[in-house]
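Engineer:
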Amino acid sequence: MSARYPSVSIGRPEPTPQLIADIGGTNARFGLVDPDSLAPQPLITLPTRSFQDLSTLTEAALEAHPGPRPAIMACAVAGPVQGDEICLLNAGWAFSVEATRQALGLSRLEVINDWEAQAWAIPALGACHLAPIQSGSAHHRTAPSLALGPGTGLGSALLVPTRDDWQVFPTEGGHISFGPAGAREAEVVLAIQARFGHCSAERMASGTGLEAIHGALRQLDGDHSAPLDARQIADAAEAGDPVAEEAVDLLLNAIASAAGDLALATGARGGVYLGGGLIPALGERFSATAFQARFQAKGRFRDWLAAIPVYRITHPQPALLGLSRYLQGRS
Numbered sequence: 029m030s031a032r033y034p035s036v037s038i039g040r041p042e043p044t045p046q047l048i049a050d051i052g053g054t055n056a057r058f059g060l061v062d063p064d065s066l067a068p069q070p071l072i073t074l075p076t077r078s079f080q081d082l083s084t085l086t087e088a089a090l091e092a093h094p095g096p097r098p099a100i101m102a103c104a105v106a107g108p109v110q111g112d113e114i115c116l117l118n119a120g121w122a123f124s125v126e127a128t129r130q131a132l133g134l135s136r137l138e139v140i141n142d143w144e145a146q147a148w149a150i151p152a153l154g155a156c157h158l159a160p161i162q163s164g165s166a167h168h169r170t171a172p173s174l175a176l177g178p179g180t181g182l183g184s185a186l187l188v189p190t191r192d193d194w195q196v197f198p199t200e201g202g203h204i205s206f207g208p209a210g211a212r213e214a215e216v217v218l219a220i221q222a223r224f225g226h227c228s229a230e231r232m233a234s235g236t237g238l239e240a241i242h243g244a245l246r247q248l249d250g251d252h253s254a255p256l257d258a259r260q261i262a263d264a265a266e267a268g269d270p271v272a273e274e275a276v277d278l279l280l281n282a283i284a285s286a287a288g289d290l291a292l293a294t295g296a297r298g299g300v301y302l303g304g305g306l307i308p309a310l311g312e313r314f315s316a317t318a319f320q321a322r323f324q325a326k327g328r329f330r331d332w333l334a335a336i337p338v339y340r341i342t343h344p345q346p347a348l349l350g351l352s353r354y355l356q357g358r359s
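Residue numbers for the sequence shown follow our numbering, so the first one is 29 and each next one is one higher.
#1: Suppose the cutoff is 6 Å on Cβ atoms and the five residues either side in sequence are ignored; what does the same chain contact list for G39 look like?
#2: Helix, strand or coil for G235, going by three-state DSSP, please let me know.
#3: Which partner residues does Q195 have in the DSSP bridge list?
#4: Kindly identify the DSSP beta-bridge partner or partners of N141.
#5: Using the rule of at least 16 other Cβ atoms within 10 Å of the residue's Cβ for burial, across every protein chain shown, is F319 buried or exposed?
#6: Please tell me whether R340 and L302 are closer than 8 Å, where the distance is taken between their beta carbons.
#7: Pop quiz: V61 and S352 are said to be a contact at Cβ under 8 Å. What is the actual Cβ separation, rounded to whole angstroms?
#8: Does the distance from the CB of A347 to the CB of A145 come in under 8 Å?
#9: In this structure, does DSSP put D50 in helix, strand or coil?
#10: What does the alpha-carbon distance come out to for the pair G95 and R231?
#11: Looking at the structure shown, is Q324 part of a helix, part of a strand, or coil, going by DSSP?
#12: Roughly how many angstroms separate the alpha carbons of V217 and S173, rounded to a whole number?
#13: Comparing alpha-carbon positions, which option in L280, R129, A296 and G133 lies nearest W332?
#14: Any idea what DSSP makes of P352, helix, strand or coil?
#15: Report yes or no: do three or more beta-carbon pairs, one from the segment 194–206 and one from the segment 136–153, lie closer than 8 Å?
#16: Can you tell me where the beta strand (DSSP E) holding Q221 begins and where it ends?
#17: Just grab the DSSP bridge partners of A267 for me.
#18: On the DSSP bridge assignment, give the partners of N55 in chain order.
#19: Is it buried or exposed for P308, if we count other Cβ within 10 angstroms and need 16 for buried?
#20: Leaving out five residues before and five after H252 in sequence, what residues of the same chain have Cβ atoms less than 8 Å from its Cβ?
#21: For A233, which residues from the same chain have a beta carbon less than 8 Å from its beta carbon, with the 5 sequence-adjacent residues on both sides left out?
#22: Go through its chain and collect everything with a Cβ distance to G235's Cβ below 7 Å, but skip five positions before and after it.
#23: Quick one, which of V276, A131 and D289 has its alpha-carbon nearest S228's?
#24: Using the Cβ count rule (16 or more neighbours within 10 Å means buried), how would you classify P68?
#25: Report, in whole angstroms, the separation of the C-beta atoms of G53 and T76, which I expect to be a contact under 8 Å.
#26: Do you know how far the Cα of V271 is from the Cα of A122?
#27: Start and end of the alpha helix (DSSP H) containing S83?
#28: Return the first residue and the last residue of the alpha helix (DSSP H) that Q130 is part of.
#29: Taking the alpha carbon of A56 as the point to measure from, which residue in Q162, A104 and S65 has its own alpha carbon closest?
#30: Please classify T190 as buried or exposed, where buried requires at least 16 other C-beta atoms within 10 Å of its C-beta.
#31: Excluding the 5 residues preceding and the 5 following M101 in the sequence, name in chain order all residues of the same chain whose CB lies nearer than 6 Å to its CB.
#32: Which residue from F323, A264 and G311 puts its Cα closest to that of L292?
#33: Please report how far the alpha carbon of D64 lies from the alpha carbon of A325, in whole angstroms.
Here's what the structure looks like:
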């Protein structure tokens, strides 16, 4: 009778998970991904503004990971990525990519725009993670797709099909000038412009935009009480406060208008994909019918915009999914 021995694997060792992080203006979401997999495993979510830079934030996240320390990290940040010095506009801090890599002991640190990461996720999203807002009349597979994210700010990126895969172009489309529709909107835009010097789409179509809109409405009505944050405004709207309700409605119209403008400017006939946490947070106040009306309200190009499919991304961690796909393409 032959002896039995425990089985021993002589193949290659298990790969060390790679660290991925979506660093937003409000929250930083960390996850781990196996180099051979597209499925990220959420690790921890931390408040971005509670930390002074990326290295201290990442060290805090790694305390929740009992396994081997990752050697590779990919990070999506809410801001432009140019050169070594990265500034997070909505978090109020900056960091050096190389200094952070060294401080964390990483062999490789990749940093991309957060909406570049969201756009990389789009080809991997199934129907179960896409809620239709506008069905459109045709899906142009050879045309660009637009990823747009009303959250703390207003991020955007363009996904362009190539012969073998996709190419992603991060943009700063949220900083185009916002065009008002109607007298009340025009008054709000002028008030915001007087305060900030420029009324961008982001000043109207984001969480910070909701605060700016609400403040402008109060100013126009002669109300000089203490400002409210976005969560307080949303709660007040849900409770029936008329100024808060008007602010939320203006915000939702602004999101639809900005989406239509950017779809026109980029030729995004492959589809518009809305992410970010703002629309889900507003619940039933979001109306697909109202969105379609404002999205399409571009004069002679109404029918052109009506043909574009529009979806809301419902995947719980699309940026982490996009980062895992981004890393896989560069392994």
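All C-beta atoms in this analysis are idealised placements derived from N, C-alpha and C, irrespective of residue type, glycine included.
Structural biologist: Reading off the structure:
#1: At G39, the pLDDT of 47 sits below 50, so the modelled position is not reliable and the matter cannot be decided from this model.
#2: For G235, the three-state secondary structure derived from DSSP is helix.
#3: Looking at the DSSP output, Q195 sits in a beta bridge with V188.
#4: The partner list for N141 (beta bridge, DSSP) reads V105.
#5: Its Cβ being crowded by 16 or more others within 10 Å, F319 is buried.
#6: With contacts defined by Cβ atoms closer than 8 Å, R340 and L302 form a contacting pair.
#7: Right, their Cβ atoms sit about 4 Å apart.
#8: In this structure, A347 lies near A145, with their beta-carbon atoms less than 8 Å apart.
#9: Note: D50 maps to strand in three-state DSSP.
#10: Within the model, the alpha-carbon separation for G95 versus R231 is close to 42 Å.
#11: DSSP places Q324 in helix when its eight states are reduced to three.
#12: Their Cα atoms are separated by approximately 29 Å.
#13: In terms of CA proximity to W332, A296 leads the group L280, R129, A296 and G133.
#14: Residue identity differs from the one stated: residue 352 is Ser in this sequence, not Pro. Secondary structure of S352 (DSSP, three-state): helix.
#15: The segment 194–206 is in contact with the segment 136–153.
#16: Segment A211 to F224 is the alpha helix (DSSP H) holding Q221; no beta strand (DSSP E) there.
#17: As DSSP reads the structure, A267 sits in no beta bridge.
#18: Looking at the DSSP assignment, N55 forms a beta bridge with P75.
#19: So P308 counts as exposed.
#20: R246.
#21: Around A233: P178, L182, G202, F206, L279, A282, I283, S285 and A286.
#22: Take G235, set aside five residues on each side of it, and the residues of its chain with a beta-carbon closer than 7 Å to its own are G179, T180, A258 and L306, in chain order.
#23: Taking only the C-alpha atoms, the option nearest S228 is D289.
#24: Buried.
#25: Contact holds; Cβ gap of about 6 Å.
#26: Taken atom to atom, the span from the alpha-carbon of A122 to that of V271 is near 36 Å.
#27: Annotation: the continuous alpha helix (DSSP H) that includes S83 extends over L82 to L90.
#28: Counting along the chain, Q130 sits inside the alpha helix (DSSP H) bounded by residues V125 to L132.
#29: It is A104 whose Cα lies nearest to the Cα of A56.
#30: Around the C-beta of T190, fewer than 16 other C-beta atoms lie within 10 Å, and the residue is accordingly described as exposed.
#31: If you ignore the 5 residues before and after M101, its C-beta comes within less than 6 Å of the C-beta of L47, L134 and L137, all in its own chain and listed in chain order.
#32: Residue F323 holds the alpha-carbon nearest to the alpha-carbon of L292 among F323, A264 and G311.
#33: Roughly 45 Å separates the two Cα atoms.
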